[in-house]
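In the order they appear, the protein sequences are chains A and B.
To convert a position in the first sequence, counted from 1, into our numbering, add 102.
To convert a position in the second sequence, counted from 1, into our numbering, add 102.
Even for Gly, the Cβ is constructed at its ideal location relative to N, Cα and C.
These numbers come from a predicted model, not from an experiment.
Below is one structure; the comments refer to it alone.
Protein chains: 2
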Amino acid sequence: MSGSNFLGLDPSTAPSRGRTTWLTDRLRDALATGALTPGARMPATRALADELAFSRGTVVEAYRRLSEEGLLAANRGGGTGVAAIPMPRDRHGSSPPSEPATRELLNISEGAPDLSAFPRAAWLRAERRALATATAQQLGYADPQGAPELRTALAAWLARSRGVAATPGRVIVTAGVTGALSLLSQVLRSHDITTCAIEDPGAHGNRRILGHWLDGLHPVAVDDEGLDVAALSRTGARAVLVTPAHQFPTGVVLSPARRRALIAWAEGVDGFVIEDDYDSEYRYDRAPVRAMQSTAPDRIIHISSLSKVLAPALRMGWMIVPERLHEECVRTRWATDLGSPSLPQLALADMIESGALERQLRSLRLRHRERRDAAVAAIRRYLPGCRVEGIAAGLHLVVGLPPHLDDAAIAAQAEAEGIAVQPLSAHRSLPGSPGLVIGYGPHPSARLDAAIRVLGRLVATQP
Amino acid sequence: MSGSNFLGLDPSTAPSRGRTTWLTDRLRDALATGALTPGARMPATRALADELAFSRGTVVEAYRRLSEEGLLAANRGGGTGVAAIPMPRDRHGSSPPSEPATRELLNISEGAPDLSAFPRAAWLRAERRALATATAQQLGYADPQGAPELRTALAAWLARSRGVAATPGRVIVTAGVTGALSLLSQVLRSHDITTCAIEDPGAHGNRRILGHWLDGLHPVAVDDEGLDVAALSRTGARAVLVTPAHQFPTGVVLSPARRRALIAWAEGVDGFVIEDDYDSEYRYDRAPVRAMQSTAPDRIIHISSLSKVLAPALRMGWMIVPERLHEECVRTRWATDLGSPSLPQLALADMIESGALERQLRSLRLRHRERRDAAVAAIRRYLPGCRVEGIAAGLHLVVGLPPHLDDAAIAAQAEAEGIAVQPLSAHRSLPGSPGLVIGYGPHPSARLDAAIRVLGRLVATQP
Numbered sequence: 103m104s105g106s107n108f109l110g111l112d113p114s115t116a117p118s119r120g121r122t123t124w125l126t127d128r129l130r131d132a133l134a135t136g137a138l139t140p141g142a143r144m145p146a147t148r149a150l151a152d153e154l155a156f157s158r159g160t161v162v163e164a165y166r167r168l169s170e171e172g173l174l175a176a177n178r179g180g181g182t183g184v185a186a187i188p189m190p191r192d193r194h195g196s197s198p199p200s201e202p203a204t205r206e207l208l209n210i211s212e213g214a215p216d217l218s219a220f221p222r223a224a225w226l227r228a229e230r231r232a233l234a235t236a237t238a239q240q241l242g243y244a245d246p247q248g249a250p251e252l253r254t255a256l257a258a259w260l261a262r263s264r265g266v267a268a269t270p271g272r273v274i275v276t277a278g279v280t281g282a283l284s285l286l287s288q289v290l291r292s293h294d295i296t297t298c299a300i301e302d303p304g305a306h307g308n309r310r311i312l313g314h315w316l317d318g319l320h321p322v323a324v325d326d327e328g329l330d331v332a333a334l335s336r337t338g339a340r341a342v343l344v345t346p347a348h349q350f351p352t353g354v355v356l357s358p359a360r361r362r363a364l365i366a367w368a369e370g371v372d373g374f375v376i377e378d379d380y381d382s383e384y385r386y387d388r389a390p391v392r393a394m395q396s397t398a399p400d401r402i403i404h405i406s407s408l409s410k411v412l413a414p415a416l417r418m419g420w421m422i423v424p425e426r427l428h429e430e431c432v433r434t435r436w437a438t439d440l441g442s443p444s445l446p447q448l449a450l451a452d453m454i455e456s457g458a459l460e461r462q463l464r465s466l467r468l469r470h471r472e473r474r475d476a477a478v479a480a481i482r483r484y485l486p487g488c489r490v491e492g493i494a495a496g497l498h499l500v501v502g503l504p505p506h507l508d509d510a511a512i513a514a515q516a517e518a519e520g521i522a523v524q525p526l527s528a529h530r531s532l533p534g535s536p537g538l539v540i541g542y543g544p545h546p547s548a549r550l551d552a553a554i555r556v557l558g559r560l561v562a563t564q565p
Numbered sequence: 103m104s105g106s107n108f109l110g111l112d113p114s115t116a117p118s119r120g121r122t123t124w125l126t127d128r129l130r131d132a133l134a135t136g137a138l139t140p141g142a143r144m145p146a147t148r149a150l151a152d153e154l155a156f157s158r159g160t161v162v163e164a165y166r167r168l169s170e171e172g173l174l175a176a177n178r179g180g181g182t183g184v185a186a187i188p189m190p191r192d193r194h195g196s197s198p199p200s201e202p203a204t205r206e207l208l209n210i211s212e213g214a215p216d217l218s219a220f221p222r223a224a225w226l227r228a229e230r231r232a233l234a235t236a237t238a239q240q241l242g243y244a245d246p247q248g249a250p251e252l253r254t255a256l257a258a259w260l261a262r263s264r265g266v267a268a269t270p271g272r273v274i275v276t277a278g279v280t281g282a283l284s285l286l287s288q289v290l291r292s293h294d295i296t297t298c299a300i301e302d303p304g305a306h307g308n309r310r311i312l313g314h315w316l317d318g319l320h321p322v323a324v325d326d327e328g329l330d331v332a333a334l335s336r337t338g339a340r341a342v343l344v345t346p347a348h349q350f351p352t353g354v355v356l357s358p359a360r361r362r363a364l365i366a367w368a369e370g371v372d373g374f375v376i377e378d379d380y381d382s383e384y385r386y387d388r389a390p391v392r393a394m395q396s397t398a399p400d401r402i403i404h405i406s407s408l409s410k411v412l413a414p415a416l417r418m419g420w421m422i423v424p425e426r427l428h429e430e431c432v433r434t435r436w437a438t439d440l441g442s443p444s445l446p447q448l449a450l451a452d453m454i455e456s457g458a459l460e461r462q463l464r465s466l467r468l469r470h471r472e473r474r475d476a477a478v479a480a481i482r483r484y485l486p487g488c489r490v491e492g493i494a495a496g497l498h499l500v501v502g503l504p505p506h507l508d509d510a511a512i513a514a515q516a517e518a519e520g521i522a523v524q525p526l527s528a529h530r531s532l533p534g535s536p537g538l539v540i541g542y543g544p545h546p547s548a549r550l551d552a553a554i555r556v557l558g559r560l561v562a563t564q565p
């Protein structure tokens, strides 16, 4: 397939500024009209750039944007191909295509940020600066607790943005929240804590990780004030994983009375509260809820990550643990892998110090709020009468369904129509009312509207 | 301290090209003559650049080079300070300085590569390319086994350079050799293998990691053919960690007869051989010794890393395990941290595919061979009559000492004179003759000569 002829591209109609958007839109049209069909090879970026007399970067960026929309994909042999049929606005009523496996799903199931907004240029600048000044020691075997530069930057950032009380000497850099949970599980076990209580509903992924390392989990119900602490105390557990600032997935904030009760519980059982502060930076309508950690630093283990602000692929998180667990956590990290890679740590420290991380967060907060509004509007329109929860913060919300419906069945039907959505029951082990967890972070408003419209039709046509 | 006046720098004498080298040399002179004393603050890079009318990058690079020589160091409050007294060529006979703790040690103790040769520009180029084409999926939660792009590149690289037989589907990306050993220990334990045999002498660091995870270690003597397999079979162990291509620290190559005996042992006890291929890329006088893995892929676990070619700080390694252990290793990695960060994996894949890694290795091989030759020459000169072992490959060698000497005492005396060197006894738990392990990778010939001259004097003056 050569050049732009077959695409009918006329570069003379492109604006002198905004060529990337122009090219992206033209190519998207060609995909929608079938001029480009699944499996077809796209022209090489250099060839297309030459033919249009555009810079190659413009073409690369247009391909990248379409790749992130799931329309293009890297070919095995290099180059780029057409990955998927775009979802035209009028196809929702049609039957599923004959080869659903080859289609990319519109994935509204995860509480992920908009990864197409990853600050590539800022990250590269930070990494270049880190490399330019990195000493041989910084490139060598590093501190398993984390690069001192990053721990210093994080301590200040966490104090300012989350009210966390920790000196740099007490911050432990982890491989995301999973890295923190695996270390903690091992260390708690050596303190004869072999089970952990978890919120129900609660994050399915964390439940699986804890389940790998510990002997048992105790699901504890969540109500409108958050975790039911009275129920927790009946489990016999001495550790609990909670999401106080923004319960996952319900979005409830743990009430002040429950916070006090939770700390009293930990004192009473000589146990620990693991505070997963996973997406607290995204609060749209008022100031963020402060972290609990500073109110009982000898009982609360504070963990969080950059997965919701930058990208899960960075595997970058942190924890602050009570002093008596600190050394053992660092030693376990040392024995696991000697600590996180240095360069990304130094780059992140640079991004925090330079204000680039703060700017990224502000920009994402605006973008995600707009999408939250679009998702809520679509739910009101296509799922009238369904309760919407957890809209004040985060990257997802929960739609309550009428009690007689089977949320897993609806999610399966949605998947057959090309939409991945999580049933609330996937995050529960106790009985509870059905619902759908909708992640709006990665998706432009029009795609959210289209996806929720399908969900509305499915719910309306349930037997 | 302001600007360059006190340094007597005259920018008009600088060449128009090579200003960085000129500036580095002038500053090194100022350090050597005492114009700059330990603890003094260096001028800010921007201020000095302005005063000399140089680009700031020139000053930053000069500071960086001097930092890597251990002469400058980052100050706690930002900025750069004088870290250490440079070792003048005529100071070896003098008494130790009054404040040895404030001096940077000349560290010839580690088998590290020359980290000042880290290919910063090539790495940034690879990372920029990886970021330019990374999809949202690649920035999201990734494959715990490793990025498919990297596994594909590694499988081809390992087949070509080490004779390792593995499809991309069988390569597991790890957080260096330590990350591989921690996963393996956990998986072997679930197969009722709770102890491991190790070479004696053998790498102290790996012994500590295995000791953390397992219930016991069995030291097995190494002779001129490598590990004593008859002694291994008397231990009752079912797993052994060996360095067949280049035994650490002795440098012995495991003989063909011993390789066959080792595999027969593994078959006999239904056990596993962990082949640590840690620095096999550096072989100076003939072709590298092939890895063992392909001769018994159902018994041999092959592990290695980039710590000796790029930098330990990348925490990037890999392993290929027998099929029956594969899934469990990947699952354990998932539960530990969901896998390695994606961006460095994609950058490394790019460096392998583009040939940049091969070029780096060729260049380092030349540099390290030259240093090896300098170290050997210095040993012949200052430690006449001492046997030198392990010079054919790697980044270190071993100097055998007369049997009545205490190598740990000599290492302690060397440290008091500013030289960090490892006694052979630190890598042993069985009795054996004394020696010194000298890492030559990071050090220019003149520094190696100076350090070995000190060792020669210390050995000659032992009681």
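| Check | Outcome |
| --- | --- |
| Measure the C-alpha to C-alpha separation of B:Arg-464 and A:Gly-242 and round it to an integer number of angstroms. | 21 angstroms |
| Rounding to the nearest angstrom, what Cα-Cα distance links A:Thr-235 and A:Glu-229 in this structure? | 10 angstroms |
| Count the other C-beta atoms from every protein chain shown that fall within 10 angstroms of the C-beta of B:Asp-378, then say buried if there are 16 or more, exposed otherwise. | buried |
| Could you confirm whether any beta carbon from chain A is found closer than 8 angstroms to the beta carbon of B:Ala-548? | no |
| Which full runs of the alpha helix (DSSP H) of 4+ residues lie inside the region 389-451 of chain A, going along the chain? | 425-439 |
| Quick check on the DSSP output: the alpha helix (DSSP H) that includes B:Pro-250 runs from which residue to which? | 250-264 |
| Any residues in the region 242-267 of chain B with a beta carbon nearer than 8 angstroms to a beta carbon of chain A? Which ones, in chain order? | Gly-242, Tyr-243 and Ala-244 |
| In chain order, what residues of the region 294-322 of chain A put their CB closer than 7 angstroms to some CB of chain B? | Ile-311, His-314 and Trp-315 |
| Give, in chain order, every unbroken run of the beta strand (DSSP E) that is at least 3 residues long and sits entirely within the region 273-349 of chain B. | 273-276, 297-302, 318-325 and 341-344 |
| From B:Pro-202 to B:Leu-208, what does the alpha carbon distance come to, in whole angstroms? | Caution applies to B:Pro-202, whose pLDDT of 33 falls short of 50 and renders its modelled position unreliable; the value that the coordinates give is listed next. Between B:Pro-202 and B:Leu-208, the C-alpha separation is close to 12 angstroms. |
| If you run the structure through DSSP and keep just helix, strand and coil, what is A:Arg-193? | For A:Arg-193, the predicted structure reports a pLDDT of 28, less than 50, and the residue's modelled location is therefore unreliable. The matter cannot be settled from this model. |
| What are the partner residues of A:Asp-378, as DSSP defines its beta bridges? | A:Ile-405 |
| Using Cβ-Cβ distances below 9 angstroms, what residues of the region 227-240 of chain B are close to chain D? | Among the chains of the structure shown, chain D does not appear; the protein chains present are A and B. |
| Taking just the CA atoms, how far does A:Leu-316 sit from B:Trp-436? | 15 angstroms |
| Measuring straight from C-alpha to C-alpha, what distance separates B:Gly-183 and B:Leu-150? | 14 angstroms |
| For B:Asp-400, which residues in the same chain have their Cβ closer than 6 angstroms to its Cβ, ignoring the five residues on either side in sequence? | Pro-424 |
| Pop quiz: B:Leu-334 and B:Val-324 are said to be a contact at Cβ under 8 angstroms. What is the actual Cβ separation, rounded to whole angstroms? | About 11 angstroms; that fails the 8 angstroms criterion. |
| Using a 10 Å radius around the Cβ and a threshold of 16 neighbouring Cβ atoms, would you call A:Ala-449 buried or exposed? | buried |
| On the three-state DSSP scale, how would you describe B:Leu-208? | strand |
| Let me see if you follow: with CB-CB separation under 8 angstroms, is B:Asp-452 close to chain A or not? | no |
| Are the region 208-220 of chain B and the region 466-476 of chain B in contact at 8 angstroms, needing three or more beta carbon pairs? | yes |
| Would A:Ser-407 count as contacting chain B if we go by Cβ distances under 8 angstroms? | no |
| Output yes if chain A places a C-beta closer than 8 angstroms to the C-beta of B:Thr-280; else output no. | yes |
| How long is the line joining the alpha carbons of B:Ala-494 and B:Tyr-386, rounded to whole angstroms? | 6 angstroms |
| What is the DSSP secondary structure of B:Pro-145, counted as helix, strand or coil? | coil |
| Determine the extent of the alpha helix (DSSP H) in which B:Val-355 is found, giving its start and end residues. | It is not in any alpha helix (DSSP H) - B:Val-355 carries neither H nor E in the DSSP assignment. |
| Taking A:Val-478 as part of the alpha helix (DSSP H), name the residues at either end of that continuous run. | 458-484 |
| According to DSSP, is A:Ala-495 part of a helix, a strand, or is it coil? | strand |
| Per DSSP, which residues does B:Val-501 bridge with? Please list them. | B:Val-490 and B:Leu-538 |
| If you follow the beta strand (DSSP E) that B:Gly-183 is in, where does it begin and where does it stop? | 182-184 |
| Here's a check: name, in chain order, each residue in its chain whose Cβ is nearer than 6 angstroms to the Cβ of B:Met-421, leaving out the five neighbours to either side. | Ile-274, Thr-276, Ala-282 and Ile-405 |
| Measure the C-alpha to C-alpha separation of B:Leu-550 and B:Ile-210 and round it to an integer number of angstroms. | 8 angstroms |
| Quick one: what does DSSP say B:Arg-230 is sitting in, helix, strand or coil? | helix |
| Using a beta-carbon distance cut-off of less than 7 angstroms, what residues from the region 150-165 of chain A approach chain B? | Val-162 |
| What residues from the region 399-433 of chain A come within 7 angstroms of chain B, judged by C-beta to C-beta, listed N to C? | Ala-413, Pro-414, Ala-415, Leu-416 and Arg-417 |
| Alpha carbon to alpha carbon, what distance is there between B:Arg-362 and B:Arg-392? | 14 angstroms |
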